[in-house]
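Numbering (this note's numbering), first residue to last: 361 to 1550.
Data first, discussion second: the structure below is written as structure tokens.
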């Protein structure tokens, strides 16, 4: 226990500088222990590649244990670790984060009997409130032993299962089948994954033609387990076709944010919106391409008539000669009229393309996650047919935007007078940041890139940039893709080119020999990219880096590469013996990178430039049968390590190709990390002799290297292909041994050859970088030598919003570790802005005292234009094995979905007081409960006609089972509508949540039970508002301007105290035609209320000063108000009259000395006498009546 405490304390102390600087990348500590975690809905497996969790409608329950990879993961060891760390006061923590969200939760520290795992239960509302089906980012999770210590850090993912669109349709993708009988007929596979959740992926089977149909496999775990579900979707596709679909086969499959797109041999099929409720089998519609699809040759006249109708509906798209040909065709059949009504007869055959056209077609999609989608964000796809267009076809490439119903040509209309040149579109993508269309074209012997602007989804005829012509004439393009969420554009084929400016310029990245890149995949989180060739080679790079490496070569007929959400690389292939008929081995990228020797069978000759820099020349082959093209340096070797077996290493910084000096094919500039050793006198005794460089003989390119004395210290046959290195002079590669004292050597720098100069032993040296004595040198991917610090703790794919006028500041620090020498002359970072015209971006760079390179980035939103741009920070010298080489931020010049406006109460009131059902008269209520008013059931505020005549449509504290309050008059009875309680029988069915009860919004008025209470009069009450976003909270002030309305149309209130500046006056004039109310400055705003009972106000910001339409509502109940007019006036008048009368009577009595007591006494005596007489009279009457009866 003592050692554990010491370890924890030392770890915390060592982490203090790191956390003071924010997040540090590329500095992961090695540990044998990791966390194994699982949720209650997923089976437990402690030795999984990574942790994958799921979030459902209920809370997220997680159980974790710590295991050592070198020990048995037994219950006893789990229990031991639990007791050890919990007794020390430590428990795991989990950080859940994505591009816009980050939160840390802590596990319970429990030591119950039989427990072996830590557990935590996180309510769904603590992570997200939304439950609707929509594109949503998959979260990353990071487990550590107490947040901040970074002990046993283990990464994983968390998927919102109930919101991911494609998973809602998993049971409606046709029949679930076992594909064991299909495996022998599979000749290829095509994969796609959710743009927002890479663990949700689909794999399609491409069959050899002996079996037809569309078969898709779906995974929600990134193929980590053998539980892929296979579906036969043939019937779903055939349901959209009126004719036979016997030849139906899959060509490609694409999963967009809301659609599943299937390219088949019979056409392109678009699914219904995946966000729709899944209640029946998924439906597809077939896309028709105006200007490309052809009429069947056996068409009848009625079919031709239908075709002309379709053609007429495409007149805005097709050139005039297509319509002209249709007219001529109709006339040749005896009809000279053309019906132009664009009604298409569904029973008539639709125009069709040939089956081979779709089999050779390619579909292109720029992957972008549209979670929290903005108005300017939209998905595009394009389809290119691998053929030259005919005279009757407008184009062989088409693109469309979601919902993919209208299709447009990938090339703009040819300008009048423009020369007609045959062009074929190889690939087409829409740049989501610059809003342009980018096309790769094959034009005769040239390969071009065209970039055209988009307006309302249509291409402009004018190019945004001049057409880029690839300089390599042997370049054969195959496709193009954007790295997801960035602006790095890759065009690939037998070469790979990269562009960071949207297609204006390109840089050569990879040049292949008899290979063509046919497939790619990329990871958003790790920024990794793989290129797969038709020969099975797999090349690896990272976004923005101008270097690459070969991972391996896979000897299989077909396979697919797949990155999961964390960036783990899998190789997907078929295996009939596995449960889901798949083989999915994990590729250890770092091991493959560092194990792959890129050295070639050629001779190297070192030449010193400085003590820390050398140039290695590659010589043409000295042995027959070795190709010269395989004995030289290539760009592939840049930033790799040249490692010498006996010792020594250096980094290749540049590669040069040349024909001079004679005999040397290329060279590489190497920065020395560790000095290369020279040959010893035991191996090469000639170094103990004196050396003289003799002039070249006529017709010979080699110099003669002559030793002075014979004896044991002479040249040996094994010295061939070694290099003589003379400090300050040219080096010489020994190409031949003539005798014991003479050898021929090729000079690396002929202009500084010390001819006829004598060099004593110790002033010249031998290096062995040849192949005669077995190659001892290798070229490997170097280890990571740069750490990155980010003080703001940004995630690697963070999204930040900028409102108009707002600013952002980012800071990055790169620290070299174990480098050759201080690199003050070389910037270690560069930034790439995807759309420079959207935001004002400036940088400041400098070196600090710790040899760290610091870059500060300032971003300012100055322009009232909504859009997004990526900002990529690239560590230019980082190795491919570094975890992080590129940080890509997405900056959105728009309103953040997290930005809200809030009314500030003048007295803080806890949520428990708002929700408490206790009566305010009780003694145990809180001190502020008297500030709240319990609204009557079915309450409605008064109208201008009086308290008893409510006319508003809004109910408060609604209960349909009870009578409506103040429902006396016809207009009151016909007004008022329930919201949450509509069509409900009682309040319990209204579904009012605590959040609805706490909300001031009129949308939840049915649930509102309590409101803020104030006594009459309310005079100049200060109004304060705050604006909250992901960066914190600020007071609402200029340049925001606001309007105030009463939602129930009450009028007896007024706003005052607003600072009416010249800007306010100008804004009022500018917005007078748009606003129906007064505009106010929020600074110093006050409100006065002259009425009684409930007032419900809505405060909104005005447009033109912000991208956000911010608003908030607040309610005030005015209590103890005087009677309304004229009741109060009448009561006052009557009281005054009564008091005046009393005074007047008193004055008369006093004036005339009236004895009020005597007057009253006489009045009373007179009344008594009259009463006595009346009594005697009635008595005598009764007596006489009795006598008469007798």
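Here a beta-carbon is modelled for each residue, glycine too, at the ideal position from N, C-alpha and C.
This one's a predicted model, so the numbers in the text were calculated from it and none came from an experiment.
Tell me the residue span of the beta strand (DSSP E) that contains residue i.
| i | result |
| --- | --- |
| residue 913 | 909-913 |
| residue 846 | Run containing residue 846: none; DSSP gives neither H nor E here. |
| residue 1375 | 1370-1375 |
| residue 744 | 740-744 |
| residue 905 | Residue 905 -> no beta strand (DSSP E), and no H or E assigned at all. |
| residue 757 | 757-761 |
| residue 1132 | From DSSP, residue 1132 is part of no beta strand (DSSP E); its letter is neither H nor E. |
| residue 1199 | Where residue 1199 is concerned, there is no enclosing beta strand (DSSP E), given that its DSSP letter is neither H nor E. |
| residue 1178 | Taken as a continuous stretch (DSSP letters only), residue 1178 belongs to no beta strand (DSSP E), as it is neither H nor E. |
On a CA-only basis, which of the options is nearest residue i? Give me that one, please.
| i | options | result |
| --- | --- | --- |
| residue 467 | 454, 1020, 729 | 454 |
| residue 938 | 1356, 540, 1339 | 540 |
| residue 1449 | 1461, 1380, 1482 | 1380 |
| residue 1054 | 1003, 1113, 1023 | 1113 |
| residue 1230 | 904, 576, 1374, 852 | 904 |
| residue 618 | 555, 1009, 1433, 1176 | 555 |
| residue 1124 | 1087, 1138, 1097 | 1087 |
| residue 815 | 474, 797, 575 | 797 |
| residue 506 | 481, 1330, 469, 488 | 469 |
| residue 1273 | 839, 1291, 746 | 1291 |
| residue 853 | 870, 862, 1446, 394 | 870 |
| residue 792 | 1076, 726, 830, 807 | 726 |
| residue 1052 | 1045, 1067, 1060, 1039 | 1067 |
| residue 1009 | 987, 788, 1433, 1036 | 1036 |
Taking DSSP as the reference, what is the three-state secondary structure of residue i?
| i | result |
| --- | --- |
| residue 1087 | coil |
| residue 632 | coil |
| residue 545 | helix |
| residue 1382 | strand |
| residue 1552 | Absent from the structure is residue 1552, since the part of the chain shown begins at 361 and ends at 1550. |
| residue 1334 | helix |
| residue 486 | helix |
| residue 1362 | helix |
| residue 641 | coil |
| residue 893 | strand |
| residue 452 | strand |
| residue 1257 | coil |
| residue 502 | strand |
| residue 1521 | helix |
| residue 538 | coil |
| residue 718 | helix |
| residue 1454 | strand |
Is the CB-CB distance between residue i and residue j below 7 Å?
| i | j | result |
| --- | --- | --- |
| residue 1161 | residue 1256 | yes |
| residue 559 | residue 517 | yes |
| residue 942 | residue 929 | no |
| residue 1159 | residue 459 | yes |
| residue 769 | residue 782 | no |
| residue 1323 | residue 1397 | no |
| residue 790 | residue 799 | no |
At a threshold of 6 Å, does residue i count as lining the ligand MG (C-beta to nearest heavy atom)?
| i | result |
| --- | --- |
| residue 1398 | The ligand content of the structure shown is nil, which means the ligand MG is not present either. |
In the DSSP assignment, find the unbroken alpha helix (DSSP H) run with residue i in it and report its ends.
| i | result |
| --- | --- |
| residue 899 | Not the alpha helix (DSSP H): residue 899 falls in the beta strand (DSSP E), residues 897-902. |
| residue 1424 | 1422-1430 |
| residue 1273 | 1271-1275 |
| residue 596 | 594-598 |
| residue 435 | 435-447 |
| residue 1066 | No alpha helix (DSSP H) holds residue 1066; the beta strand (DSSP E) holding it covers 1063-1067. |
| residue 809 | Where residue 809 is concerned, there is no enclosing alpha helix (DSSP H), although the beta strand (DSSP E) it sits in stretches over 806-815. |
If residue i sits next to residue j, beta carbons under 8 Å apart, how far is it from one beta carbon to the other, in whole angstroms?
| i | j | result |
| --- | --- | --- |
| residue 1216 | residue 1171 | 5 Å |
| residue 1104 | residue 1095 | 5 Å |
| residue 932 | residue 919 | 6 Å |
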